[in-house]
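Okay, structure first, notes after.
In the working numbering, the protein residues as written are 32 to 390.
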């Protein structure tokens, strides 16, 4: 959901400035409703995250995994071993596509395929090392499921694949270290999520976690095992916890909230397309408040429309009797609205005043 934006073109983007903006936004929204803040890993954002953790220890700050992987791939490509091969590949590609006869021959022998297949052993090594990271990057940038569910395990798998491709495999397979890191991270997560509530922290770590580990109650059902056999892109761990975690309600709440988080700020880029669609060359004189209001309406209208499409197309007539309200379809927005007071911000004509446009 789009909440607000701010024109910061005349301000210095220091860590304190970013922290003040996020802190004020948290006050307006309500810090109890915020679970996570995602930014890239720039120095000023890291400094802001440190200040945010000190003032609001219950909020998780997450560095964008996609941005981190981009930096990793960029750094690897600058290594001499890889940069030489990449430059050679660029030279070949430029030559082929710059000469129409050569391009025609390539398309004839490759059956209209582009240059994507490796042609030398050294290139195969590059692909073996890069492909695991590219796989994780695509997962972090995906929109099907919250990527935080899978990102940690996928990064470990990518590291092992790279080590095996570099003939370092036997050295790094230490499950003890991995288990220690996982448990340390879990305890830190519990302390953050239930910050200041020692009773709930104790209940999760010292009582309910053992039910999950020892497969007691609903965790030991055959359906619970069956439900998590296929851990593909369609698997939703949060939904699994909602179904089988009722015997450990405190741990269930933590799991469903944490597993619903994202590991990337990629989804926020959809806001940019809304800004670009409204702030065109013909309408580039809109005030910031007016632009913010227009994006607020457009983006959230699309979001509500998407939710409506997920529901059943035909609303049961009994629903009015069950929920005690009448619903109707807004023909302009295509949204299902209620006669009860909607939780939508009021907009007025004054909000949309701007300077006159000149042709």
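Where a beta carbon is used, it is the ideal one built from N, C-alpha and C, also for glycine.
Query                                                                                                                                                                                    : Result
Kindly list the residues whose CB is nearer than 8 Å to the CB of residue 286, restricted to its own chain and excluding five residues on each side of it in sequence; keep chain order. : 268, 269, 272 and 276
In terms of residues, what are the limits of the alpha helix (DSSP H) holding residue 258?                                                                                               : 253 to 258
What separation, rounded to the nearest whole angstrom, lies between the Cα atoms of residue 43 and residue 75?                                                                          : 10 Å
When you compare the CB positions of residue 249 and residue 278, do they come within less than 8 Å of one another, or not?                                                              : yes
Quick one: what's got a C-beta closer than 7 Å to residue 65's C-beta in the same chain, skipping five residues either side?                                                             : 57 and 90
Just reading off the alpha helix (DSSP H) that residue 281 is part of, what are its end residues?                                                                                        : 280 to 290
For residue 326, does the three-state DSSP call read helix, strand or coil?                                                                                                              : helix
What residue from 336, 63, 94 and 129 has the CA that sits closest to residue 293's CA?                                                                                                  : 94
Runs of 4 residues minimum, wholly inside the segment 205 to 238: which ones carry the alpha helix (DSSP H) assignment?                                                                  : 206 to 224 and 229 to 234
Expressed to the nearest angstrom, what Euclidean distance is found between the alpha-carbon atoms of residue 104 and residue 230?                                                       : 44 Å
Is the beta carbon of residue 274 closer than 8 Å to that of residue 88?                                                                                                                 : no
So the alpha helix (DSSP H) residue 94 belongs to, where does it begin and stop?                                                                                                         : It is not in any alpha helix (DSSP H) - residue 94 instead sits in the beta strand (DSSP E) that spans 91 to 94.
Work out the CA separation of residue 52 and residue 59 for me, nearest whole Å.                                                                                                         : 11 Å
Helix, strand or coil for residue 274 per DSSP?                                                                                                                                          : helix
Can you name the residues that DSSP bridges to residue 70?                                                                                                                               : 94
Would you give the residue range spanned by the alpha helix (DSSP H) that residue 124 belongs to?                                                                                        : 111 to 129
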